[in-house]
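In the numbering used here, the protein residues as written are 62 to 265.
Below is one structure, written out as structure tokens, with a few remarks after it.
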Ligand SMILES: [Zn+2]
Ligand SMILES: [Zn+2]
């Protein structure tokens, strides 16, 4: 699996393209549509579906445009699907006036589901805490962590569905991910390049 990072300089989440052969999944389309379209064209990729690490507004800004333009479904953890159509639950109304209410996702996943991209597979690891359905995506030694784990810290737990107890339990469980000494992390905000962070006691 090859990851193409679309780095964000503002509050929008990082967007990633998870690529196998010429197919890809668009992960967390928080970036503007033009940036995502440009990357798909530049690398000649066929997007097959959207994967969401969780349901917060800053990770879904371009979701409806993408679903419309490419006619592809969105996947999210079953416990976060309620967030997409609800400005309170997806936290948009916590920061802005007005609404961000999208269609719910076409498909939901749960812990340990396997999702195929091209000829490769990605595994869902449910890591609740930042939201109820927050999930990380593991493929070989690549881990996409959304807002559960950043280069410089962990996700907030004070918004709808958040739980500090749950996030610490989830982070503890991430120590069991194999191969634990060589995981490359792609986080939902801030530095999204290779972090090569060992999932050991240094996590928190
Ligand atoms: Zn975020
Ligand atoms: Zn979030």
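Ideal Cβ positions, reconstructed from N, Cα and C, are used throughout, including at glycine.
Asked, Found
"C-alpha gap between residue 131 and residue 141, whole angstroms", "23 angstroms"
"Range covered by the beta strand (DSSP E) that runs through residue 196", "196-200"
"Rounded separation between residue 179 and residue 89 - CA only", "19 angstroms"
"9 angstroms Cβ cutoff met for residue 206 and residue 247", "yes"
"Residues near residue 72 in its chain [Cβ-Cβ closer than 7 angstroms; skip 5 each side]", "119"
"Candidates 124, 160, 181, 143, of which the one nearest residue 64 by Cα", "181"
"Span of the alpha helix (DSSP H) around residue 77", "Element bounds for residue 77: not the alpha helix (DSSP H) but the beta strand (DSSP E), 76-81."
"Secondary structure of residue 95, DSSP reduced to three states", "helix"
"DSSP-derived helix/strand/coil call for residue 228", "helix"
"Residue 234 CB to nearest heavy atom of ligand 2 below 8 angstroms", "no"
"Selection from 192, 209, 176 that minimises the alpha carbon distance to residue 85", "176"
"Buried or exposed by the 16-neighbour rule on C-beta atoms within 10 Å, applied to residue 103", "exposed"
"Per-residue DSSP class, three states only, for residue 252", "coil"
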